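*Asks:* Structure below; questions to follow.
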């Protein structure tokens, strides 16, 4: 027995079209038979395509077109709508997604935060974590002081005292072993 030819299918809301890739078939040699949602396409006495359709079609109003490279069977759907697949599946249908989230994202977030806190860091990562923790737990005045002092000093000063920082511009204070030079274009 020869291998079954390849096929493809597409749909609109009202129609299913099956395209069977079989070359050189005359319309007079092609025959389509329906029985209880099962479709069979014959060329002569050979069955070249068969499947049980997922849903019913109007078996009396189908059309068959034969071109030099393919056979096209067009069938109106008995009830309009989208079919998830062409053939009926013998497997148990997959459960659809629930309408609400099934994961507890708050618990996942707590776990991740706890892991980050317990992680041993070294060097810059440890310093960055310290500053992140300091900033996240600070009051609004402390946050304003940190931002203002850091920006005005070009990153050389970080103060948490808003009462002092709010009154005047923060001067640049480079480390003891360096000197500050203003960039000019």
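Numbering (this note's numbering), first residue to last: 139 to 323.
By construction, the Cβ of each residue, glycine as well, lies at the ideal position given by its N, Cα and C atoms.
Note that the structure is predicted; figures quoted are calculated from it, not measured.
1) Within the stretch 212-279, note down every full alpha helix (DSSP H) run reaching 4 residues or more, in order along the chain.
2) Could you check if residue 306 is buried or exposed, using at least 16 other CB atoms within 10 Å of its CB as the buried criterion?
3) What residue does the beta strand (DSSP E) around residue 302 start on, and which one ends it?
4) Pull up the DSSP beta-bridge partners for residue 204, would you.
5) Are the stretch 202-218 and the stretch 144-162 touching, with three or more C-beta to C-beta distances below 8 Å?
6) From which residue to which residue does the beta strand (DSSP E) around residue 184 run?
7) To the nearest angstrom, how far is it from the Cα of residue 145 to the Cα of residue 240?
8) Drop a sphere of 10 angstroms on the beta-carbon of residue 132, count the other beta-carbons inside from all chains shown, and report buried for 16 or more, exposed for fewer.
9) Quick one: what does DSSP say residue 84 is sitting in, helix, strand or coil?
10) Only counting the same chain, and skipping five residues up and downstream in sequence, which positions put a Cβ closer than 8 Å to that of residue 230?
11) Does any heavy atom of the ligand MN sit closer than 7 Å to the C-beta of residue 197?
*Replies:* According to the structure shown:
1) 243-256, 262-274
2) exposed
3) Careful: residue 302 lies outside any beta strand (DSSP E), inside the alpha helix (DSSP H) at 300-303.
4) 209
5) yes
6) 184-190
7) 39 Å
8) Given that the chain is displayed from residue 139 to residue 323, the structure contains no residue 132 and the question cannot be resolved.
9) Outside the shown range of the chain (139 to 323) lies residue 84, about which nothing can therefore be said.
10) A caution first: residue 230 carries a pLDDT of 48, below 50, which makes its placement in the model too unreliable to give a value.
11) Questions concerning the ligand MN fall outside what the structure shown contains, since it holds no ligand whatsoever.
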